[in-house]
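For the sequence shown, our numbering gives the first residue as 6, with consecutive numbering after it.
I have placed the structure first, in the form of C-alpha cells, so that the comments after it can refer back to it.
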Amino acid sequence: TYNTNLALDLRARLRQLGGDELLRRVDVKSVDALAREIVQEARGTDPGRPLSEDAAKNLWHTVRTETGLFDYDADFLDAEFKHVILAQGCGSWEQYRRVGRSGRPRISTAQRHDVWRLVQAYKAHLETPPRQTTYALIADRAAGLEAHRMARVEAQARHKDEQGGRDLVHREAGSGMWLKPRYQHIVVDEAQDLSASHWRMLRAMVPRGRNDIFLVGDAHQRIYGHHVVLGHQGIEVRGRASRRLTLNYRTTRQILGSANRLIAGTTFDNLDDGTDTLDGYRSVLTGHIPQFWRAPDSQTEMRAVAALIKERHDTYGTPYSAMAISVPDGASAQQFANVLARKPFFIPSIELGKDGLRSDADVVRIGTMHRFKGLEFQRVFLTSVSEGQVPHQRIEQYRLSNPDRYRQEEQRARSLMFVAATRARDELVVTWSGKASRFLPQDADRTAHSATELLREDGPPSGSAGSSAA
Numbered sequence: 006t007y008n009t010n011l012a013l014d015l016r017a018r019l020r021q022l023g024g025d026e027l028l029r030r031v032d033v034k035s036v037d038a039l040a041r042e043i044v045q046e047a048r049g050t051d052p053g054r055p056l057s058e059d060a061a062k063n064l065w066h067t068v069r070t071e072t073g074l075f076d077y078d079a080d081f082l083d084a085e086f087k088h089v090i091l092a093q094g095c096g097s098w099e100q101y102r103r104v105g106r107s108g109r110p111r112i113s114t115a116q117r118h119d120v121w122r123l124v125q126a127y128k129a130h131l132e133t134p135p136r137q138t139t140y141a142l143i144a145d146r147a148a149g150l151e152a153h154r155m156a157r158v159e160a161q162a163r164h165k166d167e168q169g170g171r172d173l174v175h176r177e178a179g180s181g182m183w184l185k186p187r188y189q190h191i192v193v194d195e196a197q198d199l200s201a202s203h204w205r206m207l208r209a210m211v212p213r214g215r216n217d218i219f220l221v222g223d224a225h226q227r228i229y230g231h232h233v234v235l236g237h238q239g240i241e242v243r244g245r246a247s248r249r250l251t252l253n254y255r256t257t258r259q260i261l262g263s264a265n266r267l268i269a270g271t272t273f274d275n276l277d278d279g280t281d282t283l284d285g286y287r288s289v290l291t292g293h294i295p296q297f298w299r300a301p302d303s304q305t306e307m308r309a310v311a312a313l314i315k316e317r318h319d320t321y322g323t324p325y326s327a328m329a330i331s332v333p334d335g336a337s338a339q340q341f342a343n344v345l346a347r348k349p350f351f352i353p354s355i356e357l358g359k360d361g362l363r364s365d366a367d368v369v370r371i372g373t374m375h376r377f378k379g380l381e382f383q384r385v386f387l388t389s390v391s392e393g394q395v396p397h398q399r400i401e402q403y404r405l406s407n408p409d410r411y412r413q414e415e416q417r418a419r420s421l422m423f424v425a426a427t428r429a430r431d432e433l434v435v436t437w438s439g440k441a442s443r444f445l446p447q448d449a450d451r452t453a454h455s456a457t458e459l460l461r462e463d464g465p466p467s468g469s470a471g472s473s474a475a
C-alpha cells in the first residue's frame, strides 16, 4: 500500500484475522519501503540518503535559482520528473521531447527543453557528495532491478523446458540460491496512489497468471497526483474479474452524501483508460447531519473546536481517542494542540505522524488531510475549510495561464477533502474562519452555526444530540 500508516493498520488487521502464523507468510509493507529494500539488497548499490518530500521540493527551488528558470514551480517540476520522465523511462532529451504526456498540463518543446535542463541540474545535486536520492528514484531503480531478476527467472524456466524439465543445479549453483519470483501473489491497497515506477516493480515481482495481482482502489481518493494507465505498465484489468464496490460500511449516508457533493461534476478515471463515477454508491448506516461552524478568525475557530470536543467527551461520553482534527499543515497542528491543552479545555492530544496512531492513549489525534488516509474515527473535525485554504490560493496563478494545471490541482484538492470527510464514522463537523470554501454548499456562510456564539457562557448548545436525520 502507499503509506506507512496504512501498512501498519493492515498488518494489525491481518494479525486479528489469521494470527502470527499467517503473518509469517505475508509481507505487509508500504511500497516505498519495499522498493528501498530491493535497492539495498543489490550488491554495490548505494542509493544514498532519501530526501523527505519537503526536502526534495526544496531542492527544486535551489536549481531554479541556479539556472534562472523561474517559470516552473517546484510542484510542477517534481510531478513532471515523477510522472513523465521516470514513468516513461526518458533517459535522454530526445526521448523526453517525443514522449506523450497523458494527464499532464500541455507545454511547448521549448518549455520541455527548460524542464530537461532543470532535471539534469537536480540529478547533479543529488550525486554531489554526500550522495542523496528521492523515493521516486529509488522506486525507479527497484523496478529495473526486479525486471532484470524476472528476466533471469523466465530465462531459467525456458532453459529448463529445453532440457526436458530437469533441475538446473549447475546453472544456478554460482548464485547460491534457486532463482524464483519474489512473490506468488500481490495484493495492492489504495491502488490509485501508486506511481508508474511502483507498478513496474510490482509487475516484475510476481509471474503472470491466475490471481497474480489483486487491486483495490478508488480514483476519487487519489491525493498524490499519480495518473497511471495500468495497461501501459503490463497490468491488464480490462476483461478481468473486476467488481465495482458500491456499499459503504464506514460512514453514515448523511456524511457520505455531503462528501459526494464535494466531488460532484468532476470526471475521474477507473485506474485505466475508462471513467468512473460514484453513481449507486451508498451506505446502510444513518446518523447525524454534518455540522458547519463559521468563525471570524482562526483563534476563535480553534477554541470553538476545542469546546465541541470537550462537550462530546464530557456530555456524550465520546473517548478523546475516537475524535480527530484535520488541519491544513503541521504548524496548524501545533497551534491546535496548544489551544486544546490550555484552560479551560485541558484536552490531551497527539499529532499524527508517519507511524500512524502510535498510541492507545485516550488523546485526540491531530493531523493533515494526507495523514488521515486509511484511518477512521467516530467524530472528525474538518477545520480551516475556508476560501484560500481549500483549495489553497496558490493554484489561482494557473487559472488563466495554465487551465489544465488549474483543473488538476482543484480536482486533487477536492479528492483530499473527500478522503478526510469520509474518515468520520458517526459525525462530521466542518469549520472555517473568514469565507467558506467554494467546495462547501453555496449558503454555508449564511446557514452555519456561529463559533462566536458557541463560546459565550450563555451561548447555544452545539446540538450534537439533536441533529440526527431520519
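Note that the Cβ used here is the ideal one computed from N, Cα and C, for glycine as well.
Computed from a prediction, not measured in an experiment: that's the story for all the values here.
- Secondary structure at Gly335: helix, using DSSP grouped into helix, strand and coil.
- Taking the CA atoms as reference points, Ala129 sits about 18 angstroms from Tyr101.
- The Cβ atoms of Ala196 and Gly236 lie no closer than 7 angstroms to each other.
- For the pair Asp76 and Trp65, the CB atoms are not nearer than the 7 angstroms cut-off.
- Cβ neighbours of Phe219 within its own chain (closer than 8 angstroms, five residues either side excluded): His190, Ile191, Val192, Val193.
- Taking a C-beta distance under 7 angstroms as the contact criterion, Val44 and Arg146 qualify as a contact pair.
- CA-CA distance, Val36 to Tyr7, rounds to 6 angstroms.
- The region 384 to 400 makes contact with the region 326 to 343, as at least three CB pairs between them are under 8 angstroms.
- Under the DSSP assignment, Ile191 falls in the beta strand (DSSP E) whose first and last residues are 191 to 193.
- Each residue's CA atom was taken as its position, placing Asp334 and His164 some 56 angstroms apart.
- According to the DSSP assignment, Ile43 belongs to the alpha helix (DSSP H) that extends over 36 to 46.
- Note that the region 441 to 460 does not touch the region 402 to 412; fewer than 3 beta-carbon pairs, one per stretch, sit closer than 8 angstroms.
- The residues Ala311, Ile352, Ser354, in chain order, have a CB closer than 6 angstroms to that of Leu345 in the same chain once the five nearest residues on each side in sequence are set aside.
- Around the C-beta of Thr257, 16 or more other C-beta atoms lie within 10 Å, and the residue is accordingly described as buried.
- Contact between Gln304 and His454 does not hold, since their C-beta atoms are separated by about 17 angstroms, which reaches or exceeds 8 angstroms.
- Leu421 sits buried, since 16 or more C-beta atoms from the chains shown fall within 10 Å of its C-beta.
- Bounds of the alpha helix (DSSP H) holding Arg18 are 9 to 28.
- Every alpha helix (DSSP H) stretch that sits fully inside the region 309 to 396 and reaches 4 residues is listed by chain position as 335 to 346.
- Boundaries of the beta strand (DSSP E) harbouring Ser438: 429 to 438, taken from the DSSP string.
- Per DSSP, the beta bridge partners of Leu252 are Arg287.
- As computed with DSSP, Ile240 is found in no beta bridge at all.
- Straight-line measurement puts the Cα of Val395 at about 12 angstroms from the Cα of Gly439.
- Contact check for Ala141 against Lys62 fails: the beta carbons are separated by 7 angstroms or more.
- Between Ala264 and Val233, the C-beta gap is not smaller than 7 angstroms, which leaves the two residues out of contact.
- Of the candidates Arg48, Cys95, Arg317, Arg317 places its Cα closest to the Cα of Leu433.
- In this model, Val242 and Gly214 are separated by some 13 angstroms (Cα to Cα).
- Residue burial is scored here from C-beta neighbours: Leu252 has fewer than 16 other C-beta atoms within 10 angstroms and is therefore classed as exposed.
- Under DSSP, no beta-bridge partner is assigned to Ser57.
- When the alpha-carbon of Leu56 is set against those of Arg417, Met206, Leu131, the nearest one is in Leu131.
- For Arg443, the closest alpha carbon among the candidates Ser389, Phe81, Thr373, Arg430 is that of Ser389.
- Under the three-state reduction of DSSP, Ala115 is assigned to helix.
- For Phe297, the enclosing beta strand (DSSP E) has its first and last residue at 296 to 300.
- Non-local C-beta neighbours of Asp119 in its own chain, meaning closer than 6 angstroms and more than five positions away in sequence, comprise Leu74, ordered along the chain.
- For Leu220, the three-state secondary structure derived from DSSP is strand.
- Cα atoms of Val33 and His375: separation of roughly 20 angstroms, rounded to the nearest angstrom.
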